[in-house]
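Same order as they appear, the protein sequences are chains A and B.
Just so we're aligned: the first sequence equals residues 34 to 281 in the numbering used here.
Just so we're aligned: the second sequence equals residues 34 to 281 in the numbering used here.
Notes for the one structure printed next.
Protein chains: 2
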Amino acid sequence: MNIILIETLEIQDDRVLLADRRAKHLIKVLQVQLGDTVRIGIIDGPKGCGKVVAFCARFPFQVELDVEFAADMAEKPPIDLLLALPRPIMLRRIFSQAAALGVGTIFITNAQRVEKSFWSATLLNEEEYRPHLLQGLEQAVDTRVPEVSIYERFKPFIEDVLPGRIAQYSHLLIAHPDAPGTLKTVITERPGRILLAVGPEGGWIDYEIARFAECGFAAFSLGERILKVDTAVVALHGRLSERRESFS
Amino acid sequence: MNIILIETLEIQDDRVLLADRRAKHLIKVLQVQLGDTVRIGIIDGPKGCGKVVAFCARFPFQVELDVEFAADMAEKPPIDLLLALPRPIMLRRIFSQAAALGVGTIFITNAQRVEKSFWSATLLNEEEYRPHLLQGLEQAVDTRVPEVSIYERFKPFIEDVLPGRIAQYSHLLIAHPDAPGTLKTVITERPGRILLAVGPEGGWIDYEIARFAECGFAAFSLGERILKVDTAVVALHGRLSERRESFS
């Protein structure tokens, strides 16, 4: 936990009283003392700092902070993800890693090669996945929670939802092992947001690739290696970020 | 398992008899039939294909293959890693992900902020970590096992071992949050091998950074986000690969 995240509602007269795992972390791991300041952030709001004005160092752990925040919050990360629903254990890791790396929106939809049982995962409920997103933000010192949009049916998603969302992107990219080119063949120096689509284990089927192509997605391959989806998401985020930063 | 890996010793007269999890995978997951061919590779040797000439579809599962191999094996990946010993659960994931992404050598050494208890992890024994490396290779369709070199003491490693190994690299890089520049400020268009050093949770201490600098390592930062070591390794591998491919 490299930043303490709080909800706006927890602030009263520039004070916050923590009495859960955050308080325990401050006491047991950071071993705060009176007068210490710690990094703090409002979820989907600005970052700031908190000064310890009171604490209880044993169970039930409590820490009271005087808090102060910056005027602005960080910009939305320029990369969004579109995933064919991965295996829940993998999706959990993707949620926290994507939040840590910085992702604006995570679209999740179906694909032919997604196992049907994955759709009954409890992880698809916001109260289940949100803690994993927050964990990633706490790790990476960020406050902006990635938006998660879940569409269980592929066709309505690609025909009705996606067309309304793609105008905001300068790049629509789809990772696909059979594509002839690599990332550098499909990415140009245009600034703007990137939407990256990553398929299920076993890949997208031709029909799906064709539908994405109709929407304007450019396919690229990472080479001969076949990666697990969670590894691919992080490696691709790194590649896209590096490309993007090399233009600026 | 996207490739069946075998040891040279298992080949007798161009035949291989599988009778373990590999046989079970071929039968239960790939549902092979007589005459089917499957991807196969010799560990630290070439890839090839195996034709199913006999099998037993129930316990104990057995598959017999007629095998044929290419003359050459793939080149050594151009990126090596140098890690401060991570938490075992993280190291396990790094082993398989690094093998999947492609890494030549993984050096592991100590650092001030490495928890002492990590050094007693059973995972540091070759018979414990090798399966994780093989798992990564099976995923990525590769045969070359990353070399793992473990040095429990930092000073002898950096003074006596590293100097003899660094001549082979065109880039010595160290990820460090406090460094002023990003990757693009320290990487140039020289071809050749890259050695990437990644610190422990909490980062390298100044003394360690200074010692690496004396060896010729250039420090760079990934920006403000603090990543877990396993996420950082994959994201950095992606960034380095993208940079490297953009030169070629």
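Cβ coordinates follow ideal geometry from the N, Cα and C atoms, glycine included.
The structure displayed is predicted, hence computed values, not measured ones.
Quick one, are the C-beta atoms of A/Leu-10 and A/Leu-229 less than 8 Å apart?
Residue coverage of chain A in this structure runs from 34 to 281, which leaves residue 10 of chain A outside it and unanswerable.
Got a sec: which bits of the stretch 148-173 of chain A sit with their beta carbon under 7 Å from any beta carbon on chain B, in order along the chain?
So the list reads Gln-172 and Ala-173, given in the order they occur along the chain.
So A/Arg-48 and A/Ile-37 are in contact, right, with Cβ under 8 Å, and what is the actual spacing, rounded?
By 1-based counting over the first sequence, the position of residue 48 of chain A is 15. By 1-based counting over the first sequence, the position of residue 37 of chain A is 4. That pair is no contact at about 14 Å.
Whose C-beta lies closer than 6 Å to the C-beta of B/Lys-84 among residues of the same chain, with five residues either side of it excluded?
The residue you call residue 84 of chain B lines up with position 51 of the second sequence. Only Thr-70 and Asp-99 meet the Cβ criterion.
On the three-state DSSP scale, how would you describe A/Ser-203?
For the purposes of this step, residue 203 of chain A is taken as the residue at position 170 of the first sequence. Residue state, collapsed to three classes: strand.
Tell me which same chain residues have a C-beta within less than 6 Å of the C-beta of A/Ile-141, skipping the five on either side of it?
For this step, residue 141 of chain A is matched to residue 108 along the first sequence. Excluding sequence neighbours, A/Ile-141 sits near Leu-116, Leu-118 and Ile-183.
Starting from B/Gly-169, trace the alpha helix (DSSP H) both ways and give me its first and last residue.
Position 136 of the second sequence, counting from 1, holds the residue named residue 169 of chain B. Here the alpha helix (DSSP H) through B/Gly-169 covers 159-173.
Might you give, ordered along the chain, the residues of its own chain that have their beta carbon closer than 8 Å to the beta carbon of B/Cys-248, omitting 5 neighbours on each side?
Residue 248 of chain B sits at position 215 when you count from the first residue of the second sequence. These residues qualify, in order along the chain: Ile-191, Leu-195, Pro-196, Ile-199 and Leu-205.
Please report the distance separating the alpha-carbon of B/Leu-50 from that of A/Val-62.
Counted from its first residue, the second sequence places residue 50 of chain B at position 17. Counted from its first residue, the first sequence places residue 62 of chain A at position 29. Straight-line Cα distance between these residues: approximately 53 Å.
Output needed for B/Ala-90: all residues of its chain with C-beta closer than 6 Å, excluding positions within five of it in sequence on either side, in chain order.
Reading the second sequence from its first residue, position 57 is the one you call residue 90 of chain B. For B/Ala-90, where only same-chain residues beyond five positions count, the Cβ hits under 6 Å are Ile-60.
Between A/Lys-30 and A/Gly-232, what straight-line distance do the alpha-carbon atoms span, to the nearest angstrom?
As shown, chain A starts at 34 and ends at 281. That puts residue 30 of chain A outside it, with no answer to give.
Within this structure, are the beta carbons of A/Pro-110 and A/Arg-277 separated by less than 8 Å?
Here residue 110 of chain A refers to the residue found at position 77 of the first sequence. Here residue 277 of chain A refers to the residue found at position 244 of the first sequence. It is not a contact, given that the beta carbons lie outside the stated cut-off.
So which residues of chain B does A/Ile-259 contact, with C-beta pairs closer than 7 Å?
The residue labelled residue 259 of chain A in the question sits at position 226 within the first sequence. Here the neighbours are Asn-35, Gln-172, Ala-173 and Val-174.
State whether the stretch 160-169 of chain B contacts the stretch 209-223 of chain B, with contact taken as three or more CB pairs (one from each stretch) at a distance under 8 Å.
The stretch 160-169 of chain B vs the stretch 209-223 of chain B: no contact.
By the 9 Å beta-carbon criterion, what residues does the stretch 197-222 of chain B contribute toward chain A?
Cβ contacts with chain A: Thr-215, Leu-216 and Lys-217.
What whole-angstrom Cβ distance do B/Gly-81 and B/Ala-132 have, given they're in contact under 8 Å?
Mapped onto the second sequence, residue 81 of chain B falls at position 48. Mapped onto the second sequence, residue 132 of chain B falls at position 99. Not confirmed; about 20 Å, so no contact.
Less than 7 Å separating the Cβ of B/Arg-244 from some heavy atom of the ligand COA?
The ligand COA is not part of this structure, which contains no ligands at all.
Which same chain residues end up closer than 8 Å to A/Ser-203 when comparing Cβ atoms and leaving out the 5 residues on each side of it in sequence?
Position 170 of the first sequence, counted from the start, is the residue given in the question as residue 203 of chain A. Around A/Ser-203: Arg-223, Pro-224, Gly-225, Arg-226 and Ile-227.
So the candidates are B/Thr-264, B/Phe-151, B/Thr-176 and B/Arg-146; which of them puts its Cα closest to the Cα of B/Ile-242?
Here residue 242 of chain B is taken as the residue at index 209 of the second sequence, counted from 1. Answer by Cα proximity: B/Arg-146.
Can you give me the C-alpha to C-alpha distance between B/Lys-57 and B/Phe-94, rounded to a whole angstrom?
On the second sequence, position 24 is the one that residue 57 of chain B refers to. On the second sequence, position 61 is the one that residue 94 of chain B refers to. Answer to the nearest angstrom: the Cα atoms are 6 Å apart.
Under 8 Å by Cβ, that's how I've got A/Phe-253 and A/Val-219 pegged, so tell me the actual separation to the nearest angstrom.
Taking the first sequence and counting its residues from 1, the one referred to as residue 253 of chain A is at position 220. Taking the first sequence and counting its residues from 1, the one referred to as residue 219 of chain A is at position 186. Indeed, because the Cβ distance is near 5 Å, the residues count as touching under 8 Å.
Between the Cα of B/Asn-35 and those of B/Ser-153, B/Arg-120, B/Asp-175 and B/Met-123, spot the shortest distance and give me the residue it belongs to.
Position 2 of the second sequence, counted from the start, is the residue given in the question as residue 35 of chain B. Checking every option, the nearest Cα to that of B/Asn-35 belongs to B/Asp-175.
Does the beta carbon of A/Gln-66 sit closer than 8 Å to a beta carbon anywhere in chain B?
Residue 66 of chain A sits at position 33 when you count from the first residue of the first sequence. Chain B, which has no Cβ nearer than 8 Å to the Cβ of A/Gln-66, makes this no.
Looking at the unbroken alpha helix (DSSP H) that takes in A/Glu-241, where does it start and where does it end?
In the first sequence, the residue the question calls residue 241 of chain A occupies position 208. Start and end: 239-247.
Do the CB positions of B/Asp-113 and B/Gly-135 come within less than 8 Å of each other?
The residue you call residue 113 of chain B lines up with position 80 of the second sequence. The residue you call residue 135 of chain B lines up with position 102 of the second sequence. Not in contact: B/Asp-113 and B/Gly-135 (Cβ atoms no closer than 8 Å).
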